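Chains as they are written, first to last, in our numbering: chain C, 60 to 337; chain R, -16 to 270.
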């Protein structure tokens, strides 16, 4: 079973929820897909022993064969190639590796080089099989790193996916294929607005979902009213508390040393299992 | 004309609340919301939309099944797994490269414009605003950010504004790079948590990579004073000024619930700390 934890708005508590869930079940597999800013390992503290570079292909122009006809740059919708009278300029960060330039080149002057855009790391955090990805600074495209991570998914395990904020490509890539999605929000106007966007995404992808309200007690009751009207189950409420914020600031998971939170997150998992198998 | 972008790396550190506060302090500026994925600034600024512009992101392939001979060349050529074996386009995966259109021997595939969202030009009680909305499950948020940036620039020229204040997206990838390219300064809003510190280090690297001067603001600095000290030391080592330390205060959420900026809503210590920070930023930006 694959459970993804998403939010729309950043900083609502995705990592808090996903790491505590993983710590509440036996032998979970965990993926931090927020490859732009991965934080889960601050809480899970896996011993990262293995790493693998994430490579993408970029065109290599054989200048001896190329006659600077300009067909490749004309075809490239990403503006990753520019042809000047004596040279073809390649802009690696803009290239999506679609292969179009090679296809259209009448001289067969294009081959491919590999380029590193990030890496994935793997290790054990007690019985959790932990993976995260890191996009290199200055790189634009998170999706290939997320794809590389998701190739490691073992469907026979309970898989928890920590999703990046937002609603566009990296989010879709992280969530798709999940059996259930938890949307974490806070009870504020910003929280509600971005929750609605996230709900549109999971409905679009036809993935069953429920909501966890974090920092319960701040703001107003608009999120609860919205969930009630839309028949969206509220799986858990985590209260606003300086103590919880302080634990978080030090990188300590909520379930560590708290039987009460262990049971609460255990119940969330149980409820999701029932929903998915129903 | 000077451009300031408010970013954070980690989401939810208070970018939008701080941008809205600046909006109510600044005298002659255009406001821009570049978090096109999950835009929230309009919830406080309540823009009166004057102009809506259709946004077409990348194109999308469209197959005419009446012409298709099922040769599967498109399926074999697509690098994005956006065509399945039954030759259906998977909309969420298509990146609009048009390789399928090129390889199709019977011209059954045409690339179509994709309705990806809208860009808006608006008025607010604090001045003109450029913003946008990306439709569900659409790509090319970086491209839409560039549209918003251009609209803001044009507005500033037309209305003779001397500044653009940009509310940026979280992360370090494509929409962030599009938001900060060519700005005069970034303000990085962080928090004294280990997660935020980790993200701060990465976003400073991004600012350095693109050679953009950075300032730091520590929001909710009193939640963990040890970590605040760590951030201050880290910034000192990297010769980055910490221009503001904002206390934890529920007034931020209360102001949001009332659809007001914290400056409009309250005259307490928190408002003072933001005013003081704004003065320092103006000095650094020389406006």
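Note that the Cβ used here is the ideal one computed from N, Cα and C, for glycine as well.
The structure displayed is predicted, hence computed values, not measured ones.
First through last residue of the beta strand (DSSP E) which encompasses residue i
| i | result |
| --- | --- |
| residue 111(R) | 110 to 117 |
| residue -11(R) | -15 to -10 |
| residue 298(C) | 293 to 298 |
| residue 173(R) | 168 to 173 |
| residue 239(C) | 239 to 244 |
Coarse secondary structure for residue i, derived from DSSP in three states
| i | result |
| --- | --- |
| residue 70(R) | coil |
| residue 268(C) | strand |
| residue 166(C) | coil |
| residue 257(R) | helix |
| residue 252(R) | helix |
| residue 157(R) | helix |
| residue 290(R) | Since the first residue shown for chain R is -16 and the last is 270, residue 290(R) is missing from the structure and cannot be characterised. |
| residue 123(C) | coil |
| residue 105(R) | strand |
| residue 288(C) | helix |
| residue 65(C) | strand |
| residue 225(C) | coil |
| residue 303(C) | helix |
| residue 131(C) | helix |
| residue 278(R) | Because chain R spans -16 through 270 in this model, residue 278(R) falls outside it and cannot be assessed. |
| residue 132(R) | helix |
Contact with chain R by residue i, beta-carbon distance below 9 angstroms
| i | result |
| --- | --- |
| residue 253(C) | yes |
| residue 225(C) | yes |
| residue 93(C) | yes |
| residue 74(C) | yes |
| residue 279(C) | yes |
| residue 201(C) | yes |
| residue 217(C) | no |
| residue 191(C) | no |
| residue 185(C) | no |
| residue 110(C) | no |
Cα-Cα separation between residue i and residue j, rounded to whole angstroms
| i | j | result |
| --- | --- | --- |
| residue 196(R) | residue 318(C) | 47 angstroms |
| residue 150(C) | residue 140(C) | 6 angstroms |
| residue 255(R) | residue 187(R) | 26 angstroms |
| residue 180(R) | residue 189(R) | 14 angstroms |
| residue 88(R) | residue 44(R) | 15 angstroms |
| residue 92(R) | residue 218(C) | 38 angstroms |
| residue 148(R) | residue 253(R) | 21 angstroms |
| residue 198(R) | residue 168(R) | 8 angstroms |
| residue 68(C) | residue 225(C) | 6 angstroms |
| residue 99(R) | residue 260(R) | 37 angstroms |
| residue 3(R) | residue 182(R) | 23 angstroms |
| residue 181(C) | residue 84(C) | 19 angstroms |
| residue 268(C) | residue 242(C) | 7 angstroms |
| residue 321(C) | residue 184(C) | 17 angstroms |
| residue 114(R) | residue 15(R) | 6 angstroms |
| residue 278(C) | residue 25(R) | 18 angstroms |
| residue 109(R) | residue 12(R) | 8 angstroms |
Residue-chain proximity (residue i, chain C), Cβ-Cβ < 9 angstroms
| i | result |
| --- | --- |
| residue 39(R) | no |
| residue 165(R) | no |
| residue 243(R) | no |
| residue 42(R) | yes |
| residue 26(R) | yes |
| residue 233(R) | yes |
| residue 51(R) | no |
| residue 63(R) | yes |
| residue 82(R) | yes |
Per-residue contacts from residue i into chain B (C-beta, under 7 angstroms)
| i | result |
| --- | --- |
| residue 192(R) | In the structure shown, chain B cannot be found, because the protein chains are C and R. |
Enclosing alpha helix (DSSP H) for residue i [first to last residue]
| i | result |
| --- | --- |
| residue 219(R) | 208 to 220 |
| residue 324(C) | 318 to 336 |
| residue 192(R) | 177 to 192 |
| residue 75(C) | 73 to 83 |
| residue 85(R) | 82 to 86 |
| residue 57(R) | 56 to 60 |
| residue 100(C) | 99 to 103 |
| residue 209(C) | 202 to 209 |
| residue 250(C) | 248 to 263 |
| residue -2(R) | -2 to 8 |
| residue 26(R) | 24 to 28 |
Notebook entry, point to check: For the 8 angstroms Cβ check, are there 3 or more pairs between the region 46 to 60 of chain R and the region 235 to 251 of chain C?
Noted result: no
Check: Does the region 208 to 219 of chain R touch the region 232 to 249 of chain R, meaning 3 or more C-beta pairs lie closer than 8 angstroms?
Finding: no
Item checked: the region 106 to 116 of chain C touching the region 74 to 89 of chain C, judged by at least three CB pairs closer than 8 angstroms -> no
Next item on the list: Check whether the region 47 to 67 of chain R touches the region 120 to 127 of chain R, counting contact only when three or more Cβ pairs, one atom from each stretch, lie closer than 8 angstroms.
Entry: no
Next item on the list: Assess, as a yes-or-no matter, whether the region 297 to 310 of chain C is touched by the region 204 to 218 of chain R under the definition of 3 or more beta carbon pairs within less than 8 angstroms.
Entry: yes
Next item on the list: Flag this pair as touching only if the region 126 to 142 of chain R and the region 328 to 337 of chain C have three or more C-beta atom pairs under 8 angstroms; answer yes or no.
Entry: no
Next item on the list: Would you check if there are 3 or more beta carbon pairs closer than 8 angstroms linking the region 184 to 199 of chain C to the region 160 to 171 of chain C?
Entry: no
Margin query: Is it the case that the region 150 to 170 of chain R contacts the region -7 to 3 of chain R, given that we only count it when at least three CB pairs across the two stretches are under 8 angstroms?
Written below: yes
Check: Are there three or more Cβ pairs, one per stretch, closer than 8 angstroms when the region 151 to 159 of chain C is compared with the region 77 to 88 of chain R?
Finding: yes
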